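Read the structure below first, then the notes.
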Amino acid sequence: VERGARIDAGDDCKWTAMMRAASRGHTDILAFLLDHGADINHTEKTGYTALMGAVIASRPEAVRLLLTRGADPDIREYENGQTALMMAVRNRNPELVRLLLSAGADPELVNKSGKSARDLALEASAGEGEPMQQVLTALGCEPEAAEKR
Numbered sequence: 396v397e398r399g400a401r402i403d404a405g406d407d408c409k410w411t412a413m414m415r416a417a418s419r420g421h422t423d424i425l426a427f428l429l430d431h432g433a434d435i436n437h438t439e440k441t442g443y444t445a446l447m448g449a450v451i452a453s454r455p456e457a458v459r460l461l462l463t464r465g466a467d468p469d470i471r472e473y474e475n476g477q478t479a480l481m482m483a484v485r486n487r488n489p490e491l492v493r494l495l496l497s498a499g500a501d502p503e504l505v506n507k508s509g510k511s512a513r514d515l516a517l518e519a520s521a522g523e524g525e526p527m528q529q530v531l532t533a534l535g536c537e538p539e540a541a542e543k544r
């Protein structure tokens, strides 16, 4: 960086060092890159962001750092229109759902199939037990609503 390396240089898929650090949970490297001007909302060729990578890899500290530094939780990837919140729901991760919601993620946004994070949680919750009940509660859904589906 001190010798002029492009902080947001990516590989063939446009994955940057920040995206790799986020998905691997290397918060020290992530903070360094952000401190030196990395684009926090950079998207790779399919629209994924560092925040999405951290969510998919279940890296709560990286998610927390990115959100604290201003990552946009409502960016959608290109193929299905999924947001980081939808990805946290699909991963059945109540901790990340709560982090994203507390940072202002919009649970009403819909993907290209017309489904919101709440819809995805309700669909995925049948017979899933406590983690999905926590996800539903974090999203403001009544767990009983899943039983009616």
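Going by the working numbering, the sequence shown runs without a break in its numbering and finishes at 544.
A virtual CB, placed ideally from N, CA and C, is assigned to each residue, including glycine.
Source: prediction; values computed, not measured.
Whether residue i touches residue j by CB criterion (8 Å)
i              : j             : result
glutamate 472  : threonine 441 : yes
glycine 499    : glutamate 456 : no
alanine 417    : leucine 425   : yes
asparagine 486 : alanine 466   : no
alanine 452    : valine 484    : no
leucine 534    : alanine 516   : yes
Which listed residue (the options) has its alpha carbon closest to that of residue i
i             : options                           : result
glycine 476   : Asn506, Leu495 and Leu494         : Asn506
aspartate 469 : Leu461, Arg459 and Leu480         : Leu480
glutamate 439 : Ile451, Arg464 and Trp410         : Trp410
alanine 434   : Arg464, Ile451, Ser453 and Leu494 : Note on identity: in this sequence residue 434 is aspartate, with alanine being the wrong assignment. Checked all of Arg464, Ile451, Ser453 and Leu494; the closest Cα to aspartate 434 is Arg464.
Chain-order list of residues whose beta-carbon lies under 6 Å from that of residue i (same chain, five-residue window excluded)
i              : result
methionine 414 : Ala445 and Gly448
leucine 462    : Ala498
7 Å CB neighbourhood of residue i in its chain, flanking five on each side removed
i           : result
alanine 412 : Leu428
valine 530  : Val484, Arg487, Pro489, Val492 and Ala516
leucine 504 : Asp469, Thr478 and Ser511
Three-way DSSP call (helix, strand, coil) for residue i in this model
i             : result
threonine 438 : coil
serine 511    : strand
threonine 532 : helix
threonine 463 : helix
threonine 422 : helix
alanine 541   : Reliability fails at alanine 541, whose pLDDT of 45 lies under 50, so the model's placement of it is uncertain and no value is given.
Span separating the alpha-carbon of residue i from that of residue j
i             : j              : result
glutamate 474 : aspartate 423  : 31 Å
glycine 432   : valine 450     : 22 Å
glycine 509   : threonine 478  : 13 Å
arginine 459  : arginine 493   : 11 Å
glutamine 528 : tyrosine 443   : 27 Å
arginine 454  : methionine 482 : 13 Å
Any non-hydrogen atom of the ligand NAD closer than 7 Å to residue i Cβ
i           : result
glycine 535 : The ligand NAD is absent from the structure shown, which contains no ligands of any kind.
Spatial neighbours of residue i in its chain, beta-carbon cut-off 8 Å, leaving aside the 5 residues before and after
i           : result
proline 502 : Leu480, Leu496, Ser511, Ala512, Arg513, Leu534 and Gly535
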